[in-house]
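Visitor: Let me give you the structure first, and then I'll get to my questions.
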Amino acid sequence: MEKAINAHMPGLVARVVVNEGEKVARGQEVAVINCMKNELSVLSPYDGVVKKILVAEWDEMEVDSPMVILEVEGE
Numbered sequence: 145m146e147k148a149i150n151a152h153m154p155g156l157v158a159r160v161v162v163n164e165g166e167k168v169a170r171g172q173e174v175a176v177i178n179c180m181k182n183e184l185s186v187l188s189p190y191d192g193v194v195k196k197i198l199v200a201e202w203d204e205m206e207v208d209s210p211m212v213i214l215e216v217e218g219e
């Protein structure tokens, strides 16, 4: 089943730290958002495999904008 990891704060994507096809664990950092000169980690709420990265560095994000799609087993 596919699950999206969404931005939890508005801001700019400072960097994406995962690649498509990479396994990620719950709580693992997948991206970093720059919000008011602070860098905030975006953490995966699921164990899974990165299916698609929807953002690039310096993309502007709104709250709840999808950033990464994971393939999650058994959800």
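First residue of the sequence shown? That's 145 in my numbering, and the numbers climb one at a time after it.
Built from N, CA and C at the ideal position, the CB exists for glycine as well.
What does the alpha-carbon distance come out to for the pair V193 and V161?
Guide: Numbered from its first residue, the sequence shown carries residue 193 at position 49. Numbered from its first residue, the sequence shown carries residue 161 at position 17. Rounded to whole angstroms, V193 to V161 spans 14 Å at the Cα level.
Visitor: Could you tell me the alpha carbon to alpha carbon distance between K195 and E173, rounded to whole angstroms?
Guide: For the purposes of this step, residue 195 is identified with residue 51 of the sequence shown, where counting begins at 1. For the purposes of this step, residue 173 is identified with residue 29 of the sequence shown, where counting begins at 1. Approximately 16 Å, taken between the alpha carbons.
Visitor: Which residue from N178, D191 and G165 puts its Cα closest to that of S159?
Guide: In the sequence shown, the residue the question calls residue 159 occupies position 15. One detail in the question is off: residue 159 reads as Arg in this sequence, not Ser. R159 has its Cα closest to that of N178, out of N178, D191 and G165.
Visitor: Go through its chain and collect everything with a Cβ distance to E166's Cβ below 8 Å, but skip five positions before and after it.
Guide: Counting from 1 along the sequence shown, the entry for residue 166 is found at position 22. Once the five neighbours on either side are set aside, the close Cβ partners of E166 are V193 and V194.
Visitor: From which residue to which residue does the beta strand (DSSP E) around G155 run?
Guide: As a position in the sequence shown, residue 155 is number 11, starting the count at 1. Segment G155 to V160, the beta strand (DSSP E) holding G155.
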